[in-house]
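Engineer: Provided herewith is a single structure, encoded as structure tokens, for subsequent inquiry.
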Amino acid sequence: MKILVINSGSSSIKYQLFNMPSEEVICSGLVERIGLNNPKIKYKSQTEKIEKVCRISDHKTGLEKVVKFLLDEKVGVIKSTSEIGAVGHRVVHGGSTFSETVVINDVVKEKIKELFSLAPLHNPANYEGIIVAEEIFPEAKQVAVFDTAFHQTMPVEAYKYAIPNKFLDEYKIRRYGFHGTSHKYVAEQAIQYLGAENASKIVTIHLGGGCSMTAIKDGKSIDTSLGFGPVAGLIMGGRSGDIDQSIIFHLVNNLGYELNEVNNMLQKESGMVGLTDGLSDYRDIEAEAAAGDEKCQVALNMVAYRIKKYLGSYAAILNGLDAIVFTAGIGENSDVIRKLICENTDFLGIQLDEEKNDTRASEILEVQTATSKVKVLIIPTNEEVEIAKQSFELIN
Ligand code: ADP
-17 MKILVINSGS SSIKYQLFNM PSEEVICSGL VERIGLNNPK IKYKSQTEKI
33 EKVCRISDHK TGLEKVVKFL LDEKVGVIKS TSEIGAVGHR VVHGGSTFSE
83 TVVINDVVKE KIKELFSLAP LHNPANYEGI IVAEEIFPEA KQVAVFDTAF
133 HQTMPVEAYK YAIPNKFLDE YKIRRYGFHG TSHKYVAEQA IQYLGAENAS
183 KIVTIHLGGG CSMTAIKDGK SIDTSLGFGP VAGLIMGGRS GDIDQSIIFH
233 LVNNLGYELN EVNNMLQKES GMVGLTDGLS DYRDIEAEAA AGDEKCQVAL
283 NMVAYRIKKY LGSYAAILNG LDAIVFTAGI GENSDVIRKL ICENTDFLGI
333 QLDEEKNDTR ASEILEVQTA TSKVKVLIIP TNEEVEIAKQ SFELIN
């Protein structure tokens, strides 16, 4: 069965076509800058690689252009859209409504719409992708895979905030967590690789544009560092991670800031961008730090320090550690960050082998010493294949 995976963002559509269950990638690509100037479509099959600038005013036009490539006589990979058995959609927020992957129907669409206010930047774009895909692939099953679903197994003491009960009961204010598809994928890879009995207590560390960590007991998320929205926990590219909320009230009540300005500051101008006066890519930050830039070095140390604090607390709630897993762009590629995090953690049983760590991963790697009690794994994440897998399993 051919399954098309779609990750529809506010101005982009990432797509990948899989043959399932073999997980073979038939083609993949990206439509970017939808509705902006110089929109571009990228298409890569096993034999072709094409980039084309064209007019793409909305998501419908974007997906139609993708389908044109898929069907093209010369470079295409299918003869008819009916060959696509299912379309798997990434949906960021499933609230408390969706604890697993679902086939999309009118009720599901209504519920996704009701969750717009919880993820105003993401869910409307994901929804738009669904509506467009239904029109273009009317014969395919449409499936929604939620970023929050994996974390729905968190116990109440992990997800509830210590504010009056009515805020949870009436307004659904609670920790949801994100990056669930990635945490689930790498945790399952780790369990398969190490064997379930050696991977009962895992911490997965997803470090990309957004960053989060999850404590995983016997394959289930029991706590995670992102919360109600996308700013909590670890220091990210442009997001602050945990701060004292009094800062917000002080800025607004005493220093004349508008609430929207503060929101923008915490979501876009903070994290590495704020700490390094403008850099967010770890390749640049590490190069500057190595050349003696103190702010960049402090930023890297702060990232590692925050992760180490979470690691300690997750080791405590898991009552031990079998493995830690690094994943996503930074986790897979930055030996510098992995080294800073694992320095002086031998009391937790973690010993990093610095030579093995000096690597970038394109497959599962173990980078601990021979005497380390805890396995230190680097596992490349693959959210698209996880979405294809879940879609395939659900409809079969
Ligand atoms: P996204 O959340 O946008 O999908 P990724 O998981 O692809 O992000 O991570 C992108 C980030 O990974 C880049 O911003 C960069 O900081 C980091 N990165 C990529 N390659 C390297 C590298 N070789 N060394 C250090 N960091 C890297």
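Note that the numbering used here has the sequence shown beginning at -17, numbered continuously upward. Just so it is clear, CB atoms sit at the ideal spot from N, CA and C, and this is done for glycine as well.
Check Val209 in the structure and name its three-state DSSP category.
Structural biologist: As written in the sequence, residue 209 is Gly, which differs from the Val given in the question. Of the three classes helix, strand and coil, the one that applies to Gly209 here is coil, per DSSP.
Engineer: Quick one: Cα of Val185 to Cα of Thr29, how far?
Structural biologist: Near 38 Å, if we compare the C-alpha coordinates of Thr29 and Val185.
Engineer: Report yes or no: do the stretch 302 to 321 and the stretch 352 to 359 share at least 3 C-beta pairs separated by less than 8 Å?
Structural biologist: Yes: the two stretches touch, three or more of their Cβ pairs being nearer than 8 Å.
Engineer: Beta carbon of Ala281: closer than 7 Å to some heavy atom of the ligand ADP?
Structural biologist: Ala281: no, Cβ never under 7 Å from the ligand ADP.
Engineer: According to DSSP, is Leu18 part of a helix, a strand, or is it coil?
Structural biologist: Coil, per DSSP.
Engineer: Tell me the start and end of each unbroken alpha helix (DSSP H) in the stretch 133 to 158 that is at least 4 residues and wholly inside, in chain order.
Structural biologist: With a minimum length of 4 residues, the continuous alpha helix (DSSP H) runs that stay inside the stretch 133 to 158 are 138 to 141 and 147 to 151.
Engineer: Given 7 Å as the limit, tell me if Tyr264 has its C-beta closer than that to any heavy atom belonging to the ligand COA.
Structural biologist: As presented, the structure is devoid of the ligand COA, carrying the ligand ADP as its sole ligands.
Engineer: Quick check: is any heavy atom of the ligand ADP less than 7 Å from the C-beta of Ala305?
Structural biologist: Answer for Ala305: no, Cβ out of range of the ligand ADP.
Engineer: Between which two residues does the alpha helix (DSSP H) holding Ile299 run?
Structural biologist: Counting along the chain, the alpha helix (DSSP H) containing Ile299 begins and ends at Glu276 to Leu300.
Engineer: Would you list, in sequence order, the uninterrupted alpha helix (DSSP H) runs of no fewer than 4 residues that lie entirely inside the stretch 36 to 109?
Structural biologist: DSSP runs (the alpha helix (DSSP H)) wholly in the stretch 36 to 109: 41 to 53 and 88 to 96.
Engineer: Run the proximity test for Ser344: is its beta-carbon closer than 7 Å to any non-hydrogen atom belonging to the ligand ADP?
Structural biologist: Because no heavy atom of the ligand ADP lies under 7 Å away, the Cβ of Ser344 does not count as near it: no.
Engineer: When you compare the CB positions of Ile(-12) and Ala181, do they come within less than 8 Å of one another, or not?
Structural biologist: No.
Engineer: Mind checking Ile319: buried by the 16 CB within 10 Å criterion, or exposed?
Structural biologist: That one is buried.
Engineer: Just grab the DSSP bridge partners of Ser27 for me.
Structural biologist: Ser27 is bridged to Cys9.
Engineer: Is any heavy atom of the ligand ADP found at a distance shorter than 7 Å from the C-beta of Ala310?
Structural biologist: Checking every heavy atom of the ligand ADP against the Cβ of Ala310, one is found closer than 7 Å.
Engineer: Leaving out five residues before and five after Ser81 in sequence, what residues of the same chain have Cβ atoms less than 7 Å from its Cβ?
Structural biologist: Here the set comprises Ala131 and Gln134.
Engineer: Does DSSP classify Gln124 as helix, strand or coil?
Structural biologist: Strand, per DSSP.
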